[in-house]
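First up is the structure itself, then whatever we jot down about it.
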Amino acid sequence: MRKSHLALALMVLLGGCATEPAAPLASANNPKVNLTLSPQVTGGAAIAPRVSDMKSRRFHRIVQQKFDFSCGSAALATLLTYHYGIPVTEEEILREMIAYGDEARIRNAGFSLLDMRSFLARRGLRAEGFRLPLEKLAEAGVPAIALVNTNGYRHFVLLRGISADRILLADPALGTRSMPRVRFEESWNGVLFVILDRSETGRANFNLAEDWGARGRAPGTLVRDALDRSLTGFGMPGSPLFQGGTQIRPWIY
C-alpha cells in the first residue's frame, strides 16, 4: 500500500499536460484512443495557426500533440522518431501508456516520466531522470525531455539544442521555440529525462542547424510569443555522460 502511494505521489509530481477533464478514454483492456477528444489547449488559448506554411515550418521534425494531456507522449514520439531513428507515432504511445497505466490518473494529470520510462524499458532502452545544470547536458550533447511550468500549466517539452545563451525546444503544442537560457531555467523544474542507450545517435541529432533554422517568427505566432514571455517559476544508475548530475531518487516502480 505504501509503495503504491509513493508511486502515485511521484506520478503527480512528474505528470504534465492536464488542463481540464477530457472525454472518456478507452479502457486498459481495449486501449483504443478516442480521436474525437477536444483539440489541444495551451495556457487557456486554443492553438489554431492561420498560415499552413508557417505551421509546417514551426512543427518541422516535431510530433504535434493532439490532446490536452498528450504532451508527454508527443515529446517522447519526437525524441524517438527524430533523434534516435525509432519511428513511432503519438497514437501508438498513447495506446500503450493507457493500456499499461492508470486511465483515470492519466486523464486528470497527464502522463508521467514513469510512464515514459516504462514505455522505453519495454523496448529495451534505458532512460533516467537527472537533476543537473544545462551545462552538463551541453557537454553530453544529447536531447532531453524537460517539464516546464507556464503560469501553473505543467508541460513536457523536448530540449534539442543549447547555445551559449539560448536553448532550443521542440514544443508539442507550440512547435519550435528558442529562448534565453535564463528564462527557460525560471520555468524548468531542474530535471532532465534522457535515454542512456544509443548515445552516438543522440549526439548526432542534437543541436542541428536544421532545427535551429525552423525557429523563425512569422505572422500568427502571437500565442507562442505571449507564452514565451510569461514563463515564470515552477517547480538513476548513473551514466558517464551525466557525471556530476544528481540521480532522481527514489525512483518508484
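What the sequence shown shows, in numbering that gives the first Met the number 0, is residues 0 to 252, in sequence order.
For each residue, glycine too, the CB sits at the ideal point set by N, CA and C.
- If you check the CB distance, I166 and S177 come in under 9 Å.
- At least 9 Å separates the beta-carbon of T175 from that of A139.
- Contact check for I92 against D170 fails: the beta carbons are separated by 9 Å or more.
- Taking all protein chains shown into account, N150 has fewer than 16 neighbouring C-beta atoms within 10 Å of its C-beta and is therefore exposed.
- The shortest C-alpha to C-alpha distance from A208 to any of N188, R180, R159 and V181 is the one to R159.
- Put simply, the segment 61 to 81 does not touch the segment 182 to 190. Fewer than three CB pairs are less than 8 Å apart.
- Nearest to L191 by C-alpha distance, out of K135, R121, D114 and A120, is K135.
- Scanning its chain for C-beta atoms nearer than 7 Å, with the 5 sequence neighbours on each side dropped, one finds around R116 the residues A126, in chain order.
- By the neighbour-count criterion, in which 16 or more other beta carbons inside 10 Å mark a residue as buried, G128 falls on the buried side.
- A direct Cα-Cα distance of roughly 11 Å separates R202 from D196.
- In this structure, the CA atom of L113 is about 31 Å from the CA atom of S55.
- Excluding residues up to 5 positions away in sequence, I61, V62, L157 and A169 lie with their Cβ nearer than 6 Å to the Cβ of T77 in the same chain.
- Cβ atoms of F68 and R106 come within 8 Å of each other, at about 7 Å.
- The residue from Y81, A163 and S72 with its alpha-carbon nearest to that of T200 is Y81.
- When rounded, the separation of the alpha-carbon atoms in N206 and G84 is 16 Å.
- In this structure, G123 and C70 do not form a Cβ contact; the two beta carbons are roughly 25 Å apart against a cut-off of 8 Å.
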